[in-house]
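Residue numbers 1256 to 1567, in my numbering, belong to the letters of the sequence shown in order. Think of the CB as a built atom: it goes at the ideal place given N, C-alpha and C, for glycine as much as any other residue. Treat the numbers as computed from the prediction; the structure is a model and nothing was measured.
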Amino acid sequence: MEKLDVAIVEATAITEKGHIIPGASVGATPEIVQSASKIIIEVNTELPIIAVIESKEPDHTTDCESQDDTSRHIANHILDLFEHEVEMGRMPAQLLPLQSGVGNIANAIIGGLADGPFSDVEVWTEVIQATSVAFSPAGFKRFYEMWGELKDRLVLRSQSVSNSPEIIRRLGVIAMNTPIEFDIYGHANSTHVCGTKMLNGLGGSNDFLRNAKLSIVHTPSTRPTKKDPIDILVTEQGLADVRGLAPIERARVIIDKCAHPKYRPILNDYLNLAEKKCLKIGAAHEPHLLDKVFKMHLNVLSENNTMRIDSW
């Protein structure tokens, strides 16, 4: 990695020896500091601390969309899965450590855990979800007032630790993240809309999905508008457990359990057509027809503004 010219990092304190004590957002601070030629340190006095550069900017969270019926349906499917896994003896009663992305679906899942049969649940995640610690304005005040109690329950580490593949595998983390879309074979796209427009970066989802004991992606089955190894896919329509299935088997389960009823016929038509044509040329591991596979995407970019098509 090339040297950074200048790095600006937040700290809660500077020790007498010049060591930096990172703030609530540890992130990649250690790596950034090590790779920078010059460092500007902002010591946040909200805690309060005498600063190298003074500021009084309390941490704040961005409000997610309110939970709707879709997010609650998705959350219920996942919570039912957890109960089933515990009953089958594949998961302890307190579950395995949870990693959750952000958003209204993730909020619904984490919020649902509070009303479920699970207790002593542990979290190992890159980002603390708003539902995990109630960060309303009043919640922030209580958070800092209770810091003495919370310090034994909440540990902040850099991304090199929180996203460490070895640690994620060793702990047996359950990873739950929201992609932009996933295809009928269970490949999830978390970054680009229609292949070109970047919606957001991967964040830590790739680290967790590749190394988790159980990888779950959840998203609505329809919206107005790189492969990750996935075990379970969830929409408000249902939950597709594709562990141990061959690609075509995965596709049929995903279409049956996760696709919106309006799209199931056209998706099944595509799968059957692709399988038939690819079998003729002996290339049917993951059947695709390159002259047709993007027809739905092209339709949504056209004046039709919808992925619904009449035929292939």
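- Using a C-beta cut-off of 8 Å, the region 1510–1529 makes no contact with the region 1350–1358, since fewer than three inter-stretch Cβ pairs fall below that distance.
- The DSSP assignment places 1353–1355 as complete runs of the beta strand (DSSP E) inside the region 1341–1420, in order along the chain (cut-off: 3 residues).
- Rounded to whole angstroms, Ser1374 and Asn1560 show a C-alpha spacing of 46 Å.
- Using a Cβ-Cβ distance cut-off of 8 Å, the region 1285–1300 and the region 1321–1337 are not in contact, since fewer than three pairs of beta carbons, one from each stretch, lie closer than that value.
- Rounded to the nearest angstrom, the gap between the Cα atoms of Thr1433 and His1552 is 20 Å.
- The region 1531–1559 contains, as complete alpha helix (DSSP H) runs of 4+ residues, the segments 1550–1556 (chain order).
- Sorting Ile1503, Leu1488, Glu1530, Arg1498 by C-alpha distance to the C-alpha of Ala1514 places Leu1488 at the top.
- Per DSSP, Ala1495 is one residue of the beta strand (DSSP E) stretching across 1493–1496.
- The Cβ-Cβ distance between Gly1537 and Val1497 does not fall below 7 Å.
- An exposed status is given to Val1261, since fewer than 16 other beta-carbon atoms sit within 10 Å of its beta-carbon.
- Taken atom to atom, the span from the alpha-carbon of Ser1445 to that of Ile1429 is near 18 Å.
- Counting along the chain, the unbroken beta strand (DSSP E) around Glu1297 starts and ends at 1291–1299.
- Of all alpha-carbon atoms in Arg1424, Ser1460, Lys1531, Leu1528, the one lying nearest the alpha-carbon of Leu1351 is that of Arg1424.
- DSSP places Ala1262 inside the beta strand (DSSP E), whose first and last residues are 1259–1269.
- In this structure, Asn1362 is the residue among Ile1295, Gln1354, Asn1362 with its C-alpha nearest to the C-alpha of Gln1322.
- When DSSP states are grouped into helix, strand and coil, Leu1500 belongs to the coil group.
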